[in-house]
Amino acid sequence: MNNKKSIFKILSSFFMIFVLVGCGKNKENSLSNISSKAENVNVSYINVGKGDAILVQIDDKNYLIDTGLEENSEMLLEGLKAKDVDTLDGVFLTHTHKDHIGGMEAVAAAYDIEMMYRAEISENKKNGENKIDNLSEDLYLPITKLNAGDKVKITDDIYFDVIGPLVLNEDDDNDNSLVMKLVVNGKTFLFTGDMQFAEEKTLMDAGVDLSSDILKVGNHGNKDATSDEFAIAVSPKYSVITTDTTVDTNSASKRVRKALSNSEIYITEDYDRGITFTVLQDGTIEIAEF
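Here the sequence shown is numbered in my numbering, starting from 1 and rising by one per residue.
#1: Determine the direct distance from the alpha carbon of valine 234 to that of phenylalanine 189, and round the result to whole angstroms.
#2: Just the C-alpha distance for serine 13 and lysine 254, rounded to the nearest angstrom, thanks.
#3: If contact is defined by three or more beta carbon pairs under 8 angstroms, each pair taking one atom from either stretch, is the segment 248 to 268 in contact with the segment 222 to 232?
#4: Hey, out of Ser122, Val162, Gly102, Met195, whose CA is closest to leucine 69's CA?
#5: Counting along the chain, where does the alpha helix (DSSP H) carrying arginine 255 start and finish?
#6: Under 7 angstroms, do serine 36 and aspartate 157 count as touching if we go by C-beta distance?
#7: Whose C-beta lies closer than 7 angstroms to the C-beta of leucine 141 among residues of the same chain, with five residues either side of it excluded?
#8: Grouping DSSP H, G and I as helix and E and B as strand, with all else coil, what is alanine 288?
#9: Enumerated in chain order, which unbroken segments of the beta strand (DSSP E) with a length of 3 residues or greater are wholly contained in the segment 79 to 120?
#10: For aspartate 244, which three-state DSSP category applies?
#11: Kindly provide the ranges of any beta strand (DSSP E) runs that are 3 or more residues long and lie completely inside the segment 162 to 240, ordered along the chain.
#12: Touch check for the segment 184 to 202 and the segment 151 to 167: three-plus C-beta pairs under 8 angstroms?
#13: Below 6 angstroms CB to CB, which residues in the same chain sit around glutamate 286 once its five sequence neighbours on both sides are set aside?
#14: Could you tell me the distance, in whole angstroms, from the CA atom of phenylalanine 230 to the CA atom of methionine 204?
#15: For lysine 151 and tyrosine 271, I'd like the C-alpha separation in whole angstroms.
#16: Given lysine 159, which residues of its chain have a CB within under 7 angstroms of its CB, disregarding the five upstream and five downstream residues?
#17: Return the chain-ordered list of same chain residues with a C-beta closer than 6 angstroms to the C-beta of phenylalanine 191, the five sequence neighbours on each side being excluded.
#18: Are glycine 207 and glycine 283 closer than 7 angstroms when you measure CB to CB?
#19: What first and last residue would you give for the alpha helix (DSSP H) that runs through leucine 135?
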């Protein structure tokens with residue numbers, strides 16, 4: 001097993017170089033993709049209980065952002081099956097907490113995965129190992145580490161734009177969450193992981209453009225995330241909270257829902273498998289349960 005892991009590390013390193021050359025560091029503002037068009041755009045927020053699992057389908061590409069809790073893996077797999085996923089072009093793990101990475105092994109057992117992604121800035125355990133890197137090695141999957149300013153190519157002119165984290169937070173890995181924007185067919189999605197006040201403030205202080213049409217609410221709508229200032233900076237038309245309030249009674253908090261009251265708020269627990277936002281080529285947004 002050790003020999004296999006050594007070989008994997010070498011191959012993974014070469015593959016990372018190849019991917020990063022293709023992906024590149026592009027500091028252009030994400031709004032440069034405002035005219036990017038795709039025939040099929042579906043972003044599905046899968047009900048995996050108290051946890052995140054977001055499926056992004058653009059034309060023939062499938063990307064998954066987080067994998068929920070291990071014990072809720074069957075909910076995730078049922079959601080992916082319902083959306084006719086046959087392979088995954090990439091899986092982003094926003095940070096090291098179990099309600100975001102717990103279903104990774106089940107997903108890897110069920111699907112071919114081209115690449116794993118995580119933030120370069122991430123919590124390390126005392127022995128210097130990273131939980132997400134350990135998963136990459138155990139599953140023999142290559143991994144790319146992303147920094148703010150990087151872009152992950154989906155099609156020729158559509159990218160995930162990485163906007164955070166900007167600095168390491170040693171107190172809470174929630175505030176090291178990988179934060180990304182996606183602009184397609186004239187609409188903007190903001191994916192936040194478990195970002196809380198500290199990372200929100202860092203992004204706002206840096207002047208990052210946070211304005212978005214569809215917001216994945218940070219940290220399951222707990223009161224330590226989505227400050228009033230952040231809600232104003234994003235000004236979403238739609239907000240999605242990923243949680244099960246019977247498990248986490250502090251999630252989908254009244255304060256957060258009030259801060260986002262100018263948007264339509266959706267909570268994944270209210271839907272059997274989840275909710276899908278479809279963006280048509282003319283920018284029309286259709287919302288449906290699945």
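By construction, the Cβ of each residue, glycine as well, lies at the ideal position given by its N, Cα and C atoms. What you are looking at is a predicted structure, and each value in this text was computed from that prediction instead of being measured.
In short:
#1: 10 angstroms
#2: Below a pLDDT of 50, predicted positions are generally treated as unreliable, and serine 13, at 48, falls in that range; no measurement from the model is reported.
#3: yes
#4: Gly102
#5: 254 to 259
#6: yes
#7: Ala108, Ile113, Met116
#8: strand
#9: 90 to 92, 116 to 119
#10: coil
#11: 179 to 184, 187 to 191, 214 to 216
#12: yes
#13: Thr278
#14: 8 angstroms
#15: 32 angstroms
#16: The sequence as given places tyrosine at residue 159; lysine does not occur at that position. Closer than 7 angstroms at Cβ, skipping near neighbours: Asn33, Lys151, Val152, Lys153.
#17: Ile65, Met180, Lys216
#18: no
#19: 131 to 138
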